[in-house]
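What follows is a short report on a single structure.
Residue numbers (full-length UniProt numbering): 1 to 470.
Given below as structure tokens:
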């Protein structure tokens with residue numbers, strides 16, 4: 001099949017978060033299965049500054065709603081996959097990928113990008129069987145492919161897929177601020193003259209794929225949907241969860257360049273050196289017997305800090321250490337610094353993100369915390385399993401689909417369900433007690449987890465099934 005893949009970031013080209021991991025790994029996995037994939041993303045300033053790229057076509061011009069948009073199309077061969085960039089400096093020549101100012105909103109930028117990406121495919125002569133869009137940034141392409149007089153003829157036989165990575169972000173703005181959309185156009189999701197880009201895409205995508213089976217169920221409910229449950233229930237017959245994969249070439253303790261010693265499921269001796277290295281690097285007291293709780297994430301309420309912060313000092317009453325890395329909400333980071341300053345040899349909070357720190361925590365910690373309020377898929381729990389670092393997770397979304405509680409026959413971690421600080425404290429204490437009193441059971445859980453694999457090949461095969469199903 002010919003697959004047109006629209007996304008806002010791709011790892012090794014431009015990245016701000018986990019979406020970029022998917023932008024690289026899934027197209028490559030689809031290509032390895034024999035499909036012809038083209039990727040299109042914006043030509044951000046960060047890309048222009050790091051890459052010197054040629055124009056793929058003469059300058060393109062879109063006329064719509066009394067406006068004209070003249071843009072170039074840059075091209076790059078990326079791991080054997082053609083990547084095309086929409087070069088429109090007015091929208092994308094900024095230091096930050098998603099920056100907004102008083103003149104241009106993200107909704108305006110990415111609505112234009114969704115339309116321009118379709119015209120880019122036409123300009124380079126790529127007529128896809130599948131249009132695969134990702135989150136609100138590109139969701140409007142599902143609408144334009146069926147509704148815009150500029151594009152619907154070229155895409156008349158193309159099936160569209162919209163992957164929902166995080167429904168909490170939907171791309172909304174007043175229609176008058178989005179000049180690339182005809183104000184009289186019908187069929188979009190508009191409330192009080194505000195366009196909702198994600199909901200519009202959900203109305204027109206032929207298939208809707210949340211990034212885990214449980215998340216697909218959650219977004220059909222008022223409590224877990226972030227307000228999109230009305231559209232999801234309307235389209236429930238085309239909703240199918242597809243779990244993300246894990247890049248095991250990048251996350252493999254037997255080859256990881258960032259960690260102090262290598263190890264594997266049949267020889268765990270190197271993990272002791274990794275633990276010592278983590279303690280020394282983070283300024284914790286070096287002691288191989290003290291259990292370490294690790295956490296690497298954005299410091300936001302979504303990641304469970306509303307549950308964690310109230311009980312951190314209760315946890316620290318135990319013989320335990322905590323290594324936490326992340327950036328995010330100021331009120332959360334300030335409180336974490338306060339607690340860390342009060343317990344300098346037991347709790348370290350590093351307010352920055354560095355790849356080597358993330359790898360050191362995964363390899364050196366005994367347990368990895370993911371007490372999320374919601375988690376569409378999650379990747380760190382997969383990394384933790386691979387590194388023999390037992391996950392402690394809240395059983396929601398992709399965490400529920402990937403981690404089985406220790407009390408089950410095929411257990412791989414510790415889970416809790418109630419959205420409370422006390423429930424989190426109880427499961428942490430349970431994990432510490434099992435480590436102290438039933439190490440044989442914990443070692444079986446660790447070994448089982450290290451042998452568990454969530455591959456991008458498996459995810460790509462599931463997407464192909466979705467593509468082919470009518």
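Note that the Cβ used here is the ideal one computed from N, Cα and C, for glycine as well.
{"Query": "Could you say which of 72, 198, 65 and 408 lies nearest to residue 474 if we only look at CA atoms?", "Result": "As displayed, the chain neither begins before 1 nor continues past 470, which places residue 474 out of reach and without an answer."}
{"Query": "Just to confirm the assignment: which complete alpha helix (DSSP H) runs, minimum length 4, are found wholly within the stretch 96 to 168?", "Result": "106 to 123 and 135 to 147"}
{"Query": "Less than 7 Å between C-beta atoms, sequence neighbours within five positions excluded: which residues of the same chain meet that for residue 349?", "Result": "324, 336, 337 and 340"}
{"Query": "Since residue 140 contacts residue 172 with CB under 8 Å, what's their CB separation in whole angstroms?", "Result": "Actually they are not in contact, since the Cβ atoms of residue 140 and residue 172 sit about 12 Å apart, beyond 8 Å."}
{"Query": "Roughly how many whole angstroms lie between the Cα atoms of residue 329 and residue 313?", "Result": "20 Å"}
{"Query": "Could you compute how far the alpha carbon of residue 345 sits from the alpha carbon of residue 261?", "Result": "23 Å"}
{"Query": "By the three-class DSSP mapping on this structure, what secondary structure does residue 209 have?", "Result": "strand"}
{"Query": "Taking the alpha-carbon positions, what's the residue 235 to residue 152 distance?", "Result": "21 Å"}
{"Query": "Considering only residues of the stretch 241 to 315, which uninterrupted beta strand (DSSP E) runs meet the minimum length of 3 residues and lie entirely inside it, listed in chain order?", "Result": "292 to 296"}
{"Query": "Starting from residue 338, trace the alpha helix (DSSP H) in both directions and tell me its first and last residue.", "Result": "330 to 342"}
{"Query": "What's the call for residue 70, buried or exposed, on a 16-neighbour Cβ count within 10 Å?", "Result": "exposed"}
{"Query": "Hey, out of 370, 380 and 19, whose CA is closest to residue 416's CA?", "Result": "370"}
{"Query": "Just list the residues that DSSP pairs residue 471 with in beta bridges.", "Result": "The structure shown has nothing for residue 471, since the chain only spans 1 to 470."}
{"Query": "From the DSSP output, which residues share a beta bridge with residue 370?", "Result": "393"}
{"Query": "When the Cβ atoms of the stretch 298 to 312 are set against those of the stretch 269 to 278, are three or more pairs found closer than 8 Å?", "Result": "no"}
{"Query": "Less than 9 Å between the beta carbons of residue 229 and residue 221, yes or no?", "Result": "yes"}
{"Query": "Under DSSP, the alpha helix (DSSP H) around residue 461 begins and ends at which residues?", "Result": "456 to 468"}
{"Query": "Considering Cα atoms alone, identify which of 210, 366 and 177 is closest to residue 195.", "Result": "177"}
{"Query": "Suppose the cutoff is 6 Å on Cβ atoms and the five residues either side in sequence are ignored; what does the same chain contact list for residue 47 look like?", "Result": "14"}
{"Query": "Could you check if residue 466 is buried or exposed, using at least 16 other CB atoms within 10 Å of its CB as the buried criterion?", "Result": "buried"}
{"Query": "For the beta strand (DSSP E) containing residue 194, name the first residue and the last one.", "Result": "194 to 196"}
{"Query": "Could you tell me which of 317, 343, 296 and 342 sits nearest to residue 326, measuring between CA atoms?", "Result": "296"}
{"Query": "At 4 residues or longer, and completely inside the stretch 371 to 443: list those alpha helix (DSSP H) runs for me, N to C.", "Result": "380 to 386, 397 to 402 and 421 to 437"}
{"Query": "Return the Cβ separation of residue 22 and residue 137 in integer angstroms, given the expectation that the two are a contact with Cβ distance under 8 Å.", "Result": "At roughly 12 Å, the Cβ-Cβ gap does not stay under 8 Å, so residue 22 and residue 137 are not in contact."}
{"Query": "Tell me whether residue 70 sits in a helix, a strand or coil according to DSSP, three-state version.", "Result": "strand"}
{"Query": "In angstroms, rounded to a whole number, what distance separates the CA positions of residue 451 and residue 461?", "Result": "21 Å"}
{"Query": "Are there three or more Cβ pairs, one per stretch, closer than 8 Å when the stretch 235 to 249 is compared with the stretch 207 to 214?", "Result": "yes"}
{"Query": "Residue 342: which of 357, 355, 322 and 358 sits nearest, CA to CA?", "Result": "322"}
{"Query": "Which first and last residues belong to the beta strand (DSSP E) in which residue 220 is found?", "Result": "No beta strand (DSSP E) holds residue 220; DSSP gives it neither H nor E."}
{"Query": "I need the DSSP call for residue 322, collapsed to helix, strand or coil.", "Result": "strand"}
{"Query": "On the criterion of 16 or more Cβ atoms from any shown chain inside 10 Å, does residue 158 qualify as buried, or is it exposed?", "Result": "buried"}
{"Query": "Taking Cβ positions, are residue 431 and residue 414 nearer each other than 9 Å?", "Result": "yes"}
{"Query": "Are the beta-carbon atoms of residue 412 and residue 385 separated by less than 9 Å?", "Result": "yes"}
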